[in-house]
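Residue numbers (this note's numbering): 165 to 494. From the three backbone atoms N, C-alpha and C, an ideal C-beta is built for every residue, glycine too.
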């Protein structure tokens with residue numbers, strides 16, 4: 165019987181000697197065996213104490229403890245790897261149009277990684293053996309959720325800022341919408357400030373935890389949204405004045421309108437507004453006077469001289485409408 169008991173106790177001792185066994189597990193073992201022994205850091209501890217603890221009679225409970233210890237070690241390692249990953253995870257930046265302002269790039273990948281990490285932590289928190297690490301897992305999950313929410317708002321603001329930057333920092337549209345241009349200039353200044361700080365910090369969690377960034381994003385988004393709505397109203401006004409603008413995408417229409425003070429710039433876009441017109445011919449001495457239109461078709465294309473020269477002055481939609489009427493009259 166003693167030999168049989170020893171055959172049973174040896175595998176238990178082997179399990180209890182694994183790296184996964186921590187102080188909390190020895191507390192469980194002592195509670196199961198209803199005994200006390202000082203094993204951790206005690207050079208005087210002898211194997212005899214464990215043998216006398218009658219482990220054989222509670223072998224199933226001991227195996228359950230050692231099995232749980234292995235699972236807890238795995239959870240602890242996964243949490244450690246996840247924490248280490250996000251402690252070193254950094255944003256990538258690129259400069260915007262040589263202005264010295266940085267913008268985020270490759271954000272979809274980071275957002276996917278954040279979502280995956282949150283799902284893994286939520287799954288981990290449902291596990292039976294997560295108890296010793298629950299506070300750590302909850303803290304990390306909270307941090308990643310906050311980071312994800314902030315990054316989502318950040319990306320929205322960046323998309324709007326990028327779309328409006330070229331419109332309100334120069335060109336004819338900014339001159340025609342001075343109130344919105346002034347509003348955008350303030351946002352632009354704040355944006356440059358937070359992006360400079362972010363590009364110096366770089367770490368994903370640290371950047372998204374920055375109070376200045378988190379407090380600024382909602383108001384910046386609100387102001388940019390107002391600029392965007394005003395711009396949409398402005399475009400609709402231009403489209404109503406010259407309906408052929410409805411055939412042009414908003415992005416291209418913005419380029420056309422922002423260069424409206426230069427009649428020659430329109431030559432790149434006549435094909436988007438008129439069928440079968442490649443470009444128009446301006447007076448050599450006065451670029452505001454248009455004499456001829458050139459059809460598409462390459463060499464040998466049709467050239468039509470206007471019955472009366474068109475004066476390309478004032479708002480672009482007005483002189484384009486004059487051009488259209490002159491074409492019909494000719």
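- Rounded to the nearest angstrom, the gap between the Cα atoms of residue 350 and residue 270 is 27 Å.
- Contact annotation: the segment 381 to 397 touches the segment 310 to 322, with at least three C-beta pairs closer than 8 Å.
- Cβ-Cβ separation between residue 366 and residue 277: approximately 16 Å, too far for a contact (criterion under 8 Å).
- Considering only 408, 281 and 391, the residue with the shortest C-alpha distance to residue 303 is 281.
- According to DSSP, residue 437 shares a beta bridge with no other residue.
- Taking a cut-off of 8 Å for Cβ pairs, the segment 415 to 426 and the segment 354 to 371 do not touch, as fewer than three such pairs fall below it.
- Short of 6 Å from the beta carbon of residue 344, and not among the five residues preceding or following it, lie these beta carbons of its own chain, in chain order: 391 and 394.
- When rounded, the separation of the alpha-carbon atoms in residue 184 and residue 242 is 14 Å.
- DSSP, read as helix, strand or coil, puts residue 397 in helix.
- In its chain, beyond the 5 residues on either side, 282 have a beta carbon closer than 7 Å to the beta carbon of residue 309.
- Sequence-distant Cβ neighbours of residue 258 in its own chain, meaning closer than 8 Å and more than five residues away, are 266, 267 and 269.
- Residue environment: residue 481 is assigned as buried (16 or more neighbouring CB atoms within 10 Å of its CB, all protein chains considered).
- Under the three-state reduction of DSSP, residue 256 is assigned to strand.
- With contacts defined by Cβ atoms closer than 8 Å, residue 361 and residue 374 form a contacting pair.
- About 15 Å separates the beta carbon of residue 476 from that of residue 441, a gap too long to meet the 8 Å contact definition.
- Assignment of residue 367 by DSSP, reduced to helix, strand and coil, places it in the strand class.
- Here residue 436 is actually not in contact with residue 451; their C-beta atoms are around 21 Å apart, not less than 8 Å.
- In this chain, the beta strand (DSSP E) harbouring residue 459 covers 453 to 459.
- Secondary structure of residue 227 (DSSP, three-state): helix.
- Going by DSSP, residue 189 is part of the alpha helix (DSSP H) stretching over 187 to 197.
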